[in-house]
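Below you'll find the structure, written out as structure tokens, and then a few comments.
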Amino acid sequence: MRLGLCSWAGGEKVDEIPETRDSLLIRVADARDQAAWEQFARIYRPVAYNVARMRGLQDADAQDVAQQVLVSVSKALPNWERRNESTRFRHWLCRLARNATINMLTRQPKDRAAGGDVNLVDIAERPVDSDLDLQLVREYRRQLFRQAAEQVRTRADTITWQAFAMTMIDGLSITETAERLQRTEAVVYAARSRIMRRLKDAAKALEDEPDEHSS
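Count along the sequence shown from 1, then add 1325; that gives the number in this note's numbering.
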């Protein structure tokens, strides 16, 4: 299953990601808007932490990396501005968050401990570690899926969620799932499709502010 997520790896189509509305960008960049920032941090903190752990850092060091990445990104957010219609915030933010994480993970331990300001805009064009880049892509997708899945699961009835989980997570066939749930294959297929649509919407909502004029 492929959700429209922020892509950091070469070869991926970043244009598949829904564009973040300017209203949300202003909210996230505004230090006074705690709700918008918390929404952003819920996704990026575990991404930075888990990737740091995968790179061999201990829990305390990984926690420090995650915190410093968020601080660095929060300082750089006000520097973004839409210069023209082709300036995509998602491109800028993906590169910024990626390089913030990579910068923190590749600095010497003594530099990480000492902290210090990092000009993330300047390092945005630096070459990156392809293996680390791929880890960031996978971890970001995993975190977004986990949060979206939890939201959808709590709102779905048991059979509908099981039809999705058994076919898409456990890898069972439609036929075997139908037999186990004592439902028709058509019901299982429809339930799975319904959950997949909800997951896509939930993942998009985690990154985007709902349109005030939408029904």
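Every residue, glycine too, gets a C-beta built ideally from N, C-alpha and C.
Assign residue 1475 to buried or exposed, taking buried as 16 or more other Cβ atoms, counted over all protein chains shown, within 10 Å of its Cβ.
-> Its Cβ having fewer than 16 others within 10 Å, residue 1475 is exposed.
Which residue from 1365, 1369, 1360, 1363 puts its Cα closest to that of residue 1462?
-> 1369
Classify residue 1481 as helix, strand or coil using the three-state DSSP reduction.
-> coil
Work out the CA separation of residue 1386 and residue 1530 for me, nearest whole Å.
-> 31 Å
Can residue 1516 and residue 1488 be called in contact, C-beta distance under 8 Å?
-> yes
Is residue 1399 helix, strand or coil by DSSP?
-> helix
Spatial neighbours of residue 1509 within its chain, please: CB distance less than 8 Å, with the 5 preceding and 5 following residues excluded, ordered by chain position.
-> 1503
Between which two residues does the alpha helix (DSSP H) carrying residue 1502 extend?
-> Counting along the chain, the unbroken alpha helix (DSSP H) around residue 1502 starts and ends at 1499-1506.
Are the beta-carbon atoms belonging to residue 1464 and residue 1404 less than 8 Å from one another?
-> Between residue 1464 and residue 1404, the gap from beta carbon to beta carbon reaches 8 Å or more.
Decide if residue 1459 is buried, meaning its Cβ has at least 16 other Cβ atoms within 10 Å, or exposed.
-> exposed
Does the separation of the CB atoms of residue 1473 and residue 1528 fall below 8 Å?
-> yes
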